[in-house]
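J.:
Residue numbers (this note's numbering): 401 to 644.
(1) In angstroms with no decimal places, state the Cα-to-Cα distance between residue 543 and residue 409.
(2) Relative to the C-alpha of residue 471, which residue among 492, 554, 590 and 433 is closest?
(3) Quick one: what's got a C-beta closer than 6 Å to residue 646's C-beta in the same chain, skipping five residues either side?
(4) My output table needs one value for residue 422: the three-state DSSP class, helix, strand or coil.
(5) Helix, strand or coil for residue 526, going by three-state DSSP, please let me know.
(6) Is residue 443 helix, strand or coil by DSSP?
(7) Out of 598, 633, 638 and 575, point me to the one whose CA is closest to residue 618's CA.
(8) Apply the 10 Å Cβ neighbour rule to residue 583 and answer buried if 16 or more other Cβ atoms are within range, or exposed otherwise.
(9) Helix, strand or coil: which one does DSSP assign to residue 516?
(10) If we count the other Cβ atoms within 10 Å of its Cβ and call it buried at 16 or more, is residue 421 buried or exposed?
(11) Quick one, which of 624, 528, 539 and 452 has its alpha-carbon nearest residue 433's?
(12) Do residue 527 and residue 546 come within 8 Å of each other at the CB atom, strictly closer than that value?
(13) Are residue 535 and residue 518 close, meaning C-beta to C-beta below 8 Å?
(14) Which term fits residue 449, buried or exposed, when burial requires 16 or more other beta carbons within 10 angstroms of its beta carbon?
(15) Can we say the stretch 449 to 461 touches the stretch 471 to 489, given the rule of at least three CB pairs closer than 8 Å?
(16) Relative to the alpha-carbon of residue 522, which residue among 560, 533, 466 and 529 has its alpha-carbon at the smallest distance?
(17) In angstroms, rounded to a whole number, what distance separates the CA positions of residue 477 and residue 486?
(18) Run through DSSP, which three-state label would residue 591 get?
(19) Sorted by chain position, which residues of the same chain lie with C-beta nearer than 8 Å to residue 437's C-beta, five sequence neighbours on each side aside?
See below:
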């Protein structure tokens, strides 16, 4: 947990966490999905999850909870004006957001009936219990404290960031990327080398040593140089016969 409190992407702390797959019904009886879940989500209390969210987002978790509380108070005290149809007055709701949301994370819904906020790319209604989406899809922590869902979103997005960071910064991964790019560039798909094919098509290193990757890269680099040399010779020949 300490690595999450003092989070640094280069430590790849989230990719090291234990995960499992959870079946998730977005609707009651259909639209079933399998979703990655981190075991730490089951182990930590709401208080600990909030502490981690705040540490990784400059206090955004507590800020959201405070904003929800202010919103509930404003509704109860009728501090936000209503329309004759029972919805919020758009100007009044905008005024409330401007006065209470200095970090500017809130948006008004398309029908001006409620405010919502963006967290890790997802839009949520200002509610303390995990709400459904605009299209009534159930989220993973549907009906449970919103901190559970925000913590899950945060872990999933940082996990994706770490995978991308690893691909772009790990020396062996960089060489794998180069092997894959050169093979695709020159349409090289070896049928009798299953490990290399797996690397090219699936970006998987299974069973391939660093020495093998270096060897493949050297061969493909030599091929590229030879092809560039051949193109150069063809251009020279073309210019020679053009002048004749």
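Beta carbons: idealized from backbone N, C-alpha and C, even for Gly. This one's a predicted model, so the numbers in the text were calculated from it and none came from an experiment.
T.: Concretely, from the data shown:
(1) 31 Å
(2) 492
(3) Residue coverage of the chain in this structure runs from 401 to 644, which leaves residue 646 outside it and unanswerable.
(4) strand
(5) coil
(6) helix
(7) 575
(8) buried
(9) strand
(10) exposed
(11) 539
(12) yes
(13) no
(14) buried
(15) no
(16) 533
(17) 15 Å
(18) coil
(19) 419, 420, 421, 422, 540 and 552
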